[in-house]
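Everything below concerns the one structure shown next.
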Amino acid sequence: MKVRIKQISDKADECLVIECVEVTPDIESIRSYALTKGTTLTGSMDERIYQFNLSDVFYFEAVDERVFAYTKGRSYELKIRLYELENAYADKHFIRCSKSFVINLIKLESISPALNGRFTAHMKNGEKIIISRQYVPDIKRAVMGGK
Amino acid sequence: MDFKTFFVKKVMMSFFVSVTCICAAMALVGMVFEPDARFSYEAFLSPLIFGATASIPSLVQYSKKDLSLRQTAIRNVLHFLLLEAVILSILYFLGLLTSVSMAVSLGISIFVIDLTVNLVMWINDKRTAKEFNYALKKLQDDYGAGE
Numbered sequence: 001m002k003v004r005i006k007q008i009s010d011k012a013d014e015c016l017v018i019e020c021v022e023v024t025p026d027i028e029s030i031r032s033y034a035l036t037k038g039t040t041l042t043g044s045m046d047e048r049i050y051q052f053n054l055s056d057v058f059y060f061e062a063v064d065e066r067v068f069a070y071t072k073g074r075s076y077e078l079k080i081r082l083y084e085l086e087n088a089y090a091d092k093h094f095i096r097c098s099k100s101f102v103i104n105l106i107k108l109e110s111i112s113p114a115l116n117g118r119f120t121a122h123m124k125n126g127e128k129i130i131i132s133r134q135y136v137p138d139i140k141r142a143v144m145g146g147k
Numbered sequence: 148m149d150f151k152t153f154f155v156k157k158v159m160m161s162f163f164v165s166v167t168c169i170c171a172a173m174a175l176v177g178m179v180f181e182p183d184a185r186f187s188y189e190a191f192l193s194p195l196i197f198g199a200t201a202s203i204p205s206l207v208q209y210s211k212k213d214l215s216l217r218q219t220a221i222r223n224v225l226h227f228l229l230l231e232a233v234i235l236s237i238l239y240f241l242g243l244l245t246s247v248s249m250a251v252s253l254g255i256s257i258f259v260i261d262l263t264v265n266l267v268m269w270i271n272d273k274r275t276a277k278e279f280n281y282a283l284k285k286l287q288d289d290y291g292a293g294e
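Respectively, the protein sequence lines represent chains A and B.
Counting in the working numbering, the first sequence runs from 1 upward without gaps.
Counting in the working numbering, the second sequence runs from 148 upward without gaps.
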């Protein structure tokens, strides 16, 4: 595939156009990658507001009524519900793995069996998150397809 | 998972599997040791009674919240102890448990079956995790996130 990059002056006009004969899984993957790279979130930490890339998020966690995004060594509080994040970023490799967690599959190192049909998600930052049994089929479908 | 879903999925499934296994075991053991024995209609009730009583201890595994690995392990041990107590008590009150050695051997049998079921589940989950991790790496490579 040919790749052309054209420099423009206005950041607001930045745009990625893919010209293809057919929308194959590879094209979808490039689209998903581009969308994730372009997405930023706003969250607060120590009473200050920060912007960060969605692609840097390892996982989202709901604690009581508050939702946090975890990046490498940082956590931001978000003004959004966990199910809204789950729905908004489902096509960007974010998936619910338990009542309180939505994980980034791109930041997932591996999984290992836990007790009673559950699994442990080993994230690339070394953290471990439990995958509830009821969410295992959805996660398998997202990664393995129909297998 | 709410209690209704848990009851239908876990307890009812346990009941039907237990009843099927008890029927199969009664038929096989009966054909080998007492092929000429005849029973009345009441005999149909014993698999149902034992199936129901063997399923009741599953209720200790219910929780509205996601349990940690430690909490799950404790509940699994509790489930096993209750299962032993319920089955041995019923056999004792029905007058089928005639000696200590018989109680001990039955207790060990229940332990071995419980251990085997959990071991088979764990081996199956291990295989699933291996296939998942392979597919995950492929997904991440396609995405360009292989780190």
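Ideal placement from N, C-alpha and C gives every residue a C-beta, glycine not left out.
With H, G and I counted as helix, E and B as strand and the rest as coil, what does DSSP make of E65/A? Looking at E65/A - three-state DSSP - the assignment turns out to be coil, as it is neither helix nor strand.
Any C-beta of chain B within less than 9 angstroms: which residues of the region 76-95 of chain A qualify? Flagged, chain order: H93.
Roughly how many angstroms separate the alpha carbons of S100/A and S256/B, rounded to a whole number? Their Cα atoms are separated by approximately 39 angstroms.
Residues that G117/A contacts on chain B, provided the C-beta gap is smaller than 8 angstroms: When 8 angstroms is used as the limit between beta carbons, G117/A is near these residues of chain B: M268 and D272, in chain order.
9 angstroms is my cut-off, CB to CB: does V57/A come that close to chain B? No, V57/A does not count as interfacial toward chain B.
Which of the three DSSP states is assigned to N265/B in this structure? Secondary structure at N265/B: helix, using DSSP grouped into helix, strand and coil.
Run of the alpha helix (DSSP H) containing Q134/A, from where it starts to where it stops: No residue range can be given for Q134/A, since it is assigned to no alpha helix (DSSP H) and is classified by DSSP as neither H nor E.
Residues in the region 20-51 of chain A having any Cβ partner in chain B nearer than 8 angstroms: Taking 8 angstroms as the cut-off between beta carbons, the residues of the region 20-51 of chain A near chain B are P25, D26, S29, S32 and Y33, in sequence order.
Enumerate in chain order the residues of its own chain whose CB-to-CB distance from R209/A is below 8 angstroms, with the five nearest sequence positions on each side excluded. Because residue 209/A is not part of the residues shown, which for chain A are 1 to 147, the question remains open.
Since T219/B meets chain A, which of its residues come closer than 7 angstroms, beta carbon to beta carbon? Neighbours of T219/B in chain A, taken as residues whose beta carbon is under 7 angstroms from its own, are L115 and N116 in chain order.
What are the residues in the region 205-238 of chain B lying within 8 angstroms of chain A by C-beta distance? Against chain A - using a Cβ distance shorter than 8 angstroms - the residues of the region 205-238 of chain B are Q208, K212, D213, S215, L216, T219, A220 and N223.
In angstroms with no decimal places, state the Cα-to-Cα distance between L286/B and N223/B. Approximately 35 angstroms, taken between the alpha carbons.
Beta-carbon proximity check, H122/A vs I106/A, cutoff 9 angstroms: For H122/A and I106/A, no; Cβs fall outside 9 angstroms.
Which residues in chain B sit within 7 angstroms of I111/A, going by Cβ to Cβ distance? For I111/A, the chain B residues whose Cβ falls inside 7 angstroms of its Cβ are A276, F279 and N280, in order along the chain.
Contact between the region 162-180 of chain B and the region 198-213 of chain B: three or more CB pairs below 8 angstroms? Contact between the region 162-180 of chain B and the region 198-213 of chain B is present: three or more C-beta pairs spanning the two stretches fall below 8 angstroms.
Determine, using beta carbons only, whether D289/B comes closer than 9 angstroms to chain A. Yes, D289/B counts as interfacial toward chain A.
Answer with buried or exposed for R217/B, where buried requires no fewer than 16 other C-beta atoms within 10 angstroms of its C-beta. R217/B is exposed by the Cβ-count criterion.
What residue from R31/A, T40/A and I8/A has the CA that sits closest to E148/A's CA? The first residue shown for chain A is 1 and the last is 147, placing residue 148/A beyond what the model contains.
By the criterion of Cβ-Cβ separation under 9 angstroms, what are the contact partners of L283/B in chain A? Going along chain A in sequence order, the residues near L283/B (Cβ under 9 angstroms) are L105, L108, E109, S110, I111, V143 and M144.
From this set, S110/A, D138/A and P113/A, which residue's C-alpha is nearest R96/A's C-alpha? Out of S110/A, D138/A and P113/A, D138/A has the C-alpha closest to the C-alpha of R96/A.
In chain B, which residues lie less than 8 angstroms from S100/A when you measure between Cβ atoms? Near S100/A (Cβ distances below 8 angstroms), the residues of chain B are D213.
CB of N53/A to nearest heavy atom of the ligand ATP: below 8 angstroms? Looking at this structure, you won't find the ligand ATP or any other ligand, since it has none at all.
Inter-residue spacing [alpha-carbon to alpha-carbon] between Y281/B and K124/A: Each residue's Cα considered, the two are about 16 angstroms apart.
Under the three-state reduction of DSSP, which class applies to K285/B: helix, strand or coil? Assigned with DSSP and collapsed to three states, K285/B falls in helix.
Please go through the same chain and pick out, in chain order, the residues whose beta-carbon is closer than 7 angstroms to the beta-carbon of G293/B, but skip the five residues on each side of it. Its pLDDT being 49, under 50, G293/B is placed unreliably by the model, and nothing is read from it.
Hey, E84/A and G43/A: beta-carbon distance below 9 angstroms or not? No, they are not a contact pair.
What first and last residue would you give for the beta strand (DSSP E) that runs through V102/A? In the DSSP assignment, V102/A falls within the unbroken beta strand (DSSP E) covering F101 to N104.
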